[in-house]
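Take a look at the structure set out below.
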Amino acid sequence: MKHALVLYGATDLGASEFSADILWATKFKVPDPVLFIQIEQKKVLLVSALEVERAHKEARVDEVILLTAYRGENHESPLISFLKNEGVTHVTTPESMRWSIAQHLHKHFEVSAVRNPFGKERSIKREDELSEIEAAQRAVERAVEKGRQFLKEAEVRGAEIFHPTLPDPVTSHDVRKVIDHDLYDQGYLGIDSIVACGASAADPHCRGEGLLRPHQPIVLDIFPRSLESLYFADQTRTVFKGEPDMMFQKMYAAVLDAQEQSLSLIVPGAKSDTVMQRAQEVLKKHGFPTSVTERPVYGFIHGLGHGVGIEIHELPSIGRSGDILEEGMVVTVEPGLYYSKERSGIPVGGIRIEDMVVVTHTGHRNLTRFAKQLSDMIV
């Protein structure tokens, strides 16, 4: 039985039916969908006349086939004809394969579907991938520092924050604009950058809108994508404009302790659920309860981290999955606490601290250089 992996998709930023797998396998950026086939170690692209010449020059594959020039017997499609000519009897596709193509393949071959065709391979980063991710991380840090300095230049007047360049009080949009503009100047695209304060910060993926308030946590979760390579980085810091009250300081200390203890467990062979459990235990020990069954949910309500690469969420998952960490994986470690209403003296708000690390043969290397002690986060 001869096996082939068949993928369909485009690889340009913002393209419909984007395929991170095809981009990873070929390094060929194309705005319209193409067909990628791998038979054992042989990689093939089936492309239109519009892209065939560029594909020959740029795609890291063994063969490029012009769709309109490839005809098999009985007027079969180029894809079916090619697979038959190669002696393929079994085809694997991703679960996200376009239904019409999957149905067409079913008529001629035994077909199976998998969730992540290159998931394991992509989770172990090559040196060139690490370079792209680290470059993106440096861009994040420069942009977030611009945002932090913007807040530092502002002044508190009552319950509002004013910046000398603005006629009105500072909003989430104002700080997001500073950060995202700097990212773009560096060649990165800020995608739904999070600048969330108060109750908005208690919702982990809330983008944040409206006025920023003094003495309350302001979550800056920035995860830009390179406009050139399409690789991501990911960092979260929680800042305060003015001294936070004692309970927010305790929350921050608990999250930082949970992160540092979790980081100490990031080594080859570590089970992700064990690392996650350590963070949960630390936060509970500090006196911050969690519930994901009550409404509203509260406490530490998400996984501890995830892989980062061409997609912002890749394998492995650091949580209940039990994924095993291996050398070369790039993962985030991002515990957080979220309370959308006051509970036993815990104020409304959210605090998250996120670093990105690469697993090494002896432990891990932290790719994040940005300060995270509370004293550095009060501006």
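Note that the sequence shown covers residues 25 to 403 in my numbering.
Quick reminder that beta carbons are idealized off the backbone N, C-alpha and C, glycines included.
Because the structure is a prediction, the values reported are computed rather than measured.
For the 8 Å Cβ check, are there 3 or more pairs between the region 219-231 and the region 132-141?
Too few Cβ pairs lie closer than 8 Å, so no.
Apply the 10 Å Cβ neighbour rule to Ile-377 and answer buried if 16 or more other Cβ atoms are within range, or exposed otherwise.
Buried, by the Cβ-count rule.
Contacting residues, own chain, Cβ-Cβ under 7 Å from Val-54 (five flanking each side not counted):
If we look at Val-54 and ignore the five residues flanking it on each side, its Cβ neighbours are Ala-34, Thr-35, Asp-36 and Glu-75.
Residues sharing a beta bridge with Cys-221, DSSP:
Per DSSP, Ile-242.
Cα-Cα separation, Ser-250 to His-337:
Approximately 15 Å between the Cα atoms of the pair.
Helix, strand or coil at Arg-50 according to DSSP, with G and I counted as helix
The sequence given here places Thr at residue 50; Arg does not occur at that position. Helix, per DSSP.
When we look at the beta-carbon of Trp-123 and count the other beta-carbons within 10 Å, is it buried (16 or more) or exposed?
It counts as exposed.
First and last residue of the uninterrupted alpha helix (DSSP H) at Gly-171
Start and end: 151-177.
If the criterion is Cβ atoms closer than 8 Å, does the pair Phe-394 and Val-85 meet it?
No, the Cβ-Cβ distance between Phe-394 and Val-85 is not below 8 Å.
Where do the ends of the alpha helix (DSSP H) carrying Thr-298 lie?
In the DSSP assignment, Thr-298 falls within the alpha helix (DSSP H) that extends over 296-309.
Compare the beta carbon distance of Arg-237 and Val-219 with 8 Å and say whether it is the shorter of the two.
It is not a contact, given that the beta carbons lie outside the stated cut-off.
Could you give the DSSP three-state label for Tyr-276: helix, strand or coil?
Tyr-276: helix per DSSP, three-state reduction.
Buried or exposed: where does Lys-265 fall if 16 or more other Cβ atoms within 10 Å of its Cβ makes it buried?
Under this definition Lys-265 is a buried residue.
For Asn-390, the three-state DSSP class (helix, strand or coil)
In this structure, Asn-390 counts as strand in the three-state DSSP scheme.
Restricting to Cα atoms, I'd like to know which of Ser-196, Gly-182, Met-270 and Gln-301 is closest to Ala-282.
Distance check between Ala-282 and each of Ser-196, Gly-182, Met-270 and Gln-301 places Gln-301 closest, using alpha-carbon atoms only.
Which residue's Cα is closest to the Cα of Ala-159: His-80, Glu-184 and Ser-253?
For Ala-159, the closest C-alpha among the options His-80, Glu-184 and Ser-253 is that of Ser-253.
How is the beta strand (DSSP E) around Pro-14 delimited, first residue to last?
With the chain running from 25 to 403 in the structure shown, residue 14 is simply not present.
Which complete alpha helix (DSSP H) runs does the region 27-114 hold, if anything under 4 residues is left out?
You should have 44-50, 76-82 and 102-109.
Do Val-263 and Met-353 come within 8 Å of each other at the CB atom, strictly closer than that value?
Contact: no.
Pull up the distance between the alpha-carbon of Glu-119 and that of Phe-272, whole angstroms please.
Rounded to the nearest angstrom, the gap between the Cα atoms of Glu-119 and Phe-272 is 44 Å.
Beta-carbon proximity list for Cys-221, same chain, < 6 Å, skipping 5 on both sides
Same-chain partners within the cutoff: Leu-236, Arg-237, Gln-240 and Ile-242.
Just checking my contact of Ser-364 with Pro-313 at CB under 8 Å: how many whole Å lie between their CB atoms?
Distance from Ser-364 to Pro-313 at the Cβ level is roughly 14 Å; contact not present, criterion being Cβ atoms closer than 8 Å.
Does DSSP classify Val-202 as helix, strand or coil?
Helix, per DSSP.
Using DSSP with H/G/I as helix, E/B as strand and the rest coil, what is His-128?
Here His-128 sits in helix by DSSP.
According to DSSP, is Met-25 helix, strand or coil?
Looking at Met-25 - three-state DSSP - the assignment turns out to be coil, as it is neither helix nor strand.
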